[in-house]
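Chains H and R, in that order, are what the protein sequence lines are.
Going by our numbering, the first residue of the first sequence is number -16, and it counts up by one from there.
Going by our numbering, the first residue of the second sequence is number 383, and it counts up by one from there.
Worksheet for the structure shown next.
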Amino acid sequence: MTSYRHHPDRIAALVQDDRVHRDLYLSEEIFALEQEHLFANTWVYLGHASQVPEPGDFVAQEIAGRPLLMVRQPDGAVHVLYNRCAHKGTQLVTDECGNTGRFFRCPYHAWTYKLDGAPLGVPLKNGYEGTQLKACESGQGLSVVRHVKVYRDFVFVRLAGTGPSFEDYFGEVLGAIDNMVDRSPEDKLTVGGGVLRNIVHCNWKMYLENINDTVHPMSTHESATKAAEALWEGHAPSDPKPMAMEQILPFGSGYEFFDKMGGRVFANGHSVLGVNFSIHSNYAQLPEYEAAMRAAHGEERATEILQRSPQNSVFYPSLSVKGSPQAIRVIRPLAANRTLVEAWSFRAAGAPALLFERALSYNRLVFSPMSVVAHDDVHLFESIQQGLRAGGNEWVSLHRNFDVAELGQSTLTTNGTNELLMRNQFRAWAKSMLAGMEAAA
Amino acid sequence: MSSDPRDFAAHEAALLDERRFDDWLALFTEDGHYWVPLLGAAQADPFSHNSLAYEDRLLLQLRVDRLKSPRAHSQHPPSHSQHVLQPSRIEEETNDAVHLRTPFLYIEARGESQILLTGTARHHLVRTPTGWAIRQKRIDLLNAARALPAIQLFI
Ligand code: FES
Ligand SMILES: [Fe+2]
């Protein structure tokens, strides 16, 4: 296998205009370089501020192999620290979340730190007199992630010291988070109901591509949708459906449906699928909720918010948002062939309980390890991961609706089955991988 | 099957392990549910917190029907399960209902891979003219909230 480290030209050559090379998915070296470069140069979703409501609350989360801590400060701010004692490197906490009180105390030799990471105390202090401790890194307290953005309570980090600002990086796709938060008449979301965690034995990019793949549902999900259709047969289209049926049946829509739903791509790999309508568009109306929305946002704005229910909005490279069922998926790569996918549900303040039930139900039906819909997806991702090892053809096709005119464009609106949404991800992949690398090489 | 409800869990698990899913589904009452809480034994209800699965008969029927489809891609090759049960104990009993507690190991094998889950099954059974029926089967996994691979059949 080719070596990629110190060869940015070889990395660039993996992404062609209309196809990508299999090493993107298979190579452990590429994965290591992604951890070092791509996930440092981009803005990666860490967590939601509602996970740390009180001062001292923390969430431990690894990003790109680095253990991090999201911590609520006494003044209400959210800070992100490296979960690494300044002394010898012990992780300050090993619970995935909790409350540390007014300071962190390392379990190994009891060095203490303020909630913002500043050094507080060291036992047997005398032994450090006359040493260099104060002047060197170990005496400065916990390392801090400097580039943190809390956008409407969604917390993102950029690990690299230099790079695009949060607003420049995401641009217009931030409208998808706005839409999700605006669905609360009180402009507030809180994480609720726990997180469903899946281990999928495939490369993370394959999972993220599939979030934009509208050609697969007809064939991939046939077993689940045909079974659902058969069970629902005989009901008039206007019959109220149980929530599960309301959520599963649209997966069986035809090619034309997915083509017409439309898609939009943005610079840096982001996209919105379902700009015209989506599988979430026909959930039952809730008159009281809509009245609350009109009262909060005004007639026009409320209609605009509620009419917009894209299938998926991708915040490349780590987050996928579903505004209508108030659910997100977070992609946490573990190895070239192993990905952790989390599905979180949200409560919208001021909205009826039914909205939260929809989020729970959707995540459970579609993104649980026991999902009735995702088993076929997951099987196929794992099958691709194996299949790509075959010789003969080393390339993965992204030709569908390719048009040379799309090259160099940042924002484009297109039909829903255009593989542009995936090509756009890989173009961004190359850009973020190589940023800083060429200069260093 | 004997009328001693403590024999029920073993009978039910055997139907699953033999892939007799229609016979298994017929054990549920019309309002019966299959529930795998995300917090395991610590979870109070299926509504305030999410679950790995919380399914009524309609959804269970959908699963069973899906498994029969030749286009259930994830069942090429098919999964097989093995329940290893400790003897069931009666937790609560009234005239026409009983709550069983059955610690288990569950192994699901497919191709080269095998997953192992463990926990306690809790059956809420009701007496019917034809024998015991399941009003709820609740699976409290030992570590339900950890990241899991796909679980394809029924624990
Ligand atoms: S490693 Fe933390 S105090 Fe020694
Ligand atoms: Fe899918």
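For every residue, glycine included, the Cβ atom is placed at its ideal position computed from N, Cα and C.
Fair warning: this is a prediction, and the values are worked out from it, not measured in the lab.
8 Å CB neighbourhood of residue i in its chain, flanking five on each side removed
i, result
"R/S430", "none"
"H/A159", "V255, P293, S296, F298, V304 and G306"
"H/E19", "A47"
"R/E474", "V480 and H481"
"H/T73", "R67, C89, P90 and Y91"
"R/D399", "H462, S463, Q464 and H465"
Selection from the options that minimises the alpha carbon distance to residue i
i, options, result
"H/P352", "H/A326, H/A334, H/P(-9) and H/L16", "H/A326"
"R/H505", "R/I537, R/L441, R/L449 and R/H462", "R/I537"
"R/R517", "R/D386, R/D427 and R/F410", "R/F410"
"R/Q534", "H/V356, H/E402 and H/E389", "H/V356"
"R/F486", "R/S463, R/T476, R/G493 and R/E494", "R/S463"
"H/W412", "H/L21, H/H70 and H/Q(-1)", "H/L21"
"H/N251", "H/D151, H/M226, H/Q44 and H/E287", "H/D151"
"H/S328", "H/G144, H/V164 and H/C68", "H/V164"
"R/Q457", "H/H362, H/N401 and H/A373", "H/H362"
"H/C185", "H/S10, H/N407 and H/V3", "H/S10"
"R/A529", "H/T394, H/R410, H/S126 and H/I314", "H/I314"
"H/L103", "H/R88, H/L371 and H/G110", "H/R88"
"H/Q34", "H/G72, H/G81, H/A(-5) and H/V183", "H/G81"
"R/G493", "H/S366, H/E389, H/A373 and H/R410", "H/S366"
"R/R509", "R/P459, R/L397, R/A503 and R/D478", "R/D478"
Exposure of residue i, with buried meaning 16 or more beta-carbon neighbours within 10 Å
i, result
"H/S202", "exposed"
"H/F364", "buried"
"R/I472", "exposed"
"H/N376", "exposed"
"H/E112", "exposed"
"R/T484", "buried"
"H/L107", "exposed"
"R/P419", "buried"
"R/P337", "Absent from the structure is residue 337 of chain R, since the part of chain R shown begins at 383 and ends at 537."
"R/H338", "Here chain R has residues from 383 to 537 only, and residue 338 of chain R is not among them."
"R/R402", "exposed"
"H/D222", "exposed"
"H/F153", "buried"
"H/G391", "exposed"
"R/D404", "exposed"
"R/A423", "exposed"
"H/P168", "buried"
"R/G414", "buried"
"R/Y436", "buried"
"H/G399", "buried"
"R/T519", "Looking at the sequence provided, one finds Lys at residue 519 of chain R rather than Thr. By the 10 Å Cβ count, R/K519 comes out buried."
7 Å CB neighbourhood of residue i in its chain, flanking five on each side removed
i, result
"H/P308", "H263, R341, A342 and Y345"
"H/E205", "none"
"H/F260", "M244"
"H/I194", "N295, V297 and S303"
"H/Y96", "F86, F87, P102, L103, G124 and L125"
6 Å Cβ shell around residue i - same chain, five flanking residues per side excluded
i, result
"H/D1", "L381, H382 and F385"
"H/P316", "W187 and T322"
"H/T25", "P300 and S415"
"R/W514", "P387, F390 and L507"
"H/E192", "M405"
"R/Y488", "H465, L499 and I537"
"H/L249", "Note that residue 249 of chain H corresponds to Phe in the displayed sequence, not to Leu. If we look at H/F249 and ignore the five residues flanking it on each side, its Cβ neighbours are G154, E155, V156 and T394."
Rounded Cβ spacing between residue i and residue j (contact assumed at less than 8 Å)
i, j, result
"H/T396", "H/R284", "Wrong, their Cβ atoms sit about 22 Å apart, outside the cutoff."
"H/P38", "H/L(-3)", "Contact flag wrong, Cβ pair sits at about 46 Å."
"H/H31", "H/V138", "7 Å"
"H/V324", "H/N181", "5 Å"
"H/D161", "H/R141", "Not really, about 20 Å apart at Cβ, beyond 8 Å."
"H/I231", "H/A207", "7 Å"
"H/R5", "H/V387", "Contact flag wrong, Cβ pair sits at about 24 Å."
"R/P452", "R/I497", "Rounded, the Cβ-Cβ distance is 24 Å, inconsistent with contact."
Residue i at chain C interface by Cβ criterion, 9 Å
i, result
"R/H431", "Reference to chain C is not applicable here, since the protein chains of this structure are H and R."
Near-chain R residues of the region 132 to 145 of chain H - C-beta to any C-beta below 7 Å | Those residues of the region 132 to 145 of chain H that come within reach of chain R (Cβ to Cβ, closer than 7 Å) do not exist; the list is empty.
Identify each residue in the region 341 to 363 of chain H for which the Cβ-Cβ distance to at least one residue of chain R is less than 9 Å, and report them in chain order.
-> Listed by position along the chain: A342, L343, S344, N346, R347, L348, S351, P352, M353, S354, V355, A357, H358, D359, D360, V361, H362 and L363.
Residues from the region 157 to 189 of chain H in contact with chain R, defined by Cβ distance under 9 Å | Of all residues in the region 157 to 189 of chain H, G175, G176, G177, V178, L179, R180, N181, I182, V183 and H184 have a Cβ within less than 9 Å of some Cβ in chain R.
Would you list, in chain order, the members of the region 437 to 470 of chain R that have their beta-carbon closer than 9 Å to a beta-carbon of chain H?
-> Cβ proximity to chain H below 9 Å picks out E437, D438, L440, L441, Q443, L444, R445, V446, D447, R448, L449, K450, S451, P452, R453, A454, H455, S456, Q457 and H458 from the region 437 to 470 of chain R.
Name, going along the chain, the residues of the region 204 to 233 of chain H whose beta-carbon falls closer than 7 Å to a beta-carbon of chain R.
-> Cβ contacts with chain R: E205, S206, A207, K209, A210, A211, A213, L214, P225 and A227.
Got a sec: which bits of the region 483 to 496 of chain R sit with their beta carbon under 8 Å from any beta carbon on chain H, in order along the chain?
-> So nothing in the stretch comes that close.
Could you please tell me which residues of the region 312 to 324 of chain H, in chain order, have their CB closer than 8 Å to any CB of chain R?
-> Sequence-ordered contacts of the region 312 to 324 of chain H with chain R read L323 [C-beta pairs closer than 8 Å].
Going along the chain, which residues of the region 494 to 526 of chain R sit with their C-beta nearer than 9 Å to a C-beta in chain H?
-> Here the close residues are S495.
Going along the region 292 to 314 of chain H in order, which residues come within less than 8 Å of chain R, judged by CB to CB distance?
-> Within the region 292 to 314 of chain H, no residue has a Cβ that lies closer than 8 Å to any Cβ of chain R.
Contact set between the region 326 to 338 of chain H and chain R, restricted to residues whose Cβ is under 9 Å from the partner = Taking 9 Å as the Cβ-Cβ cut-off against chain R, the residues of the region 326 to 338 of chain H that qualify are A326, S328 and A336.
Chain H contacts made by the region 396 to 424 of chain R, where a contact means CB separation under 8 Å = Flagged, chain order: V418, L420 and L421.
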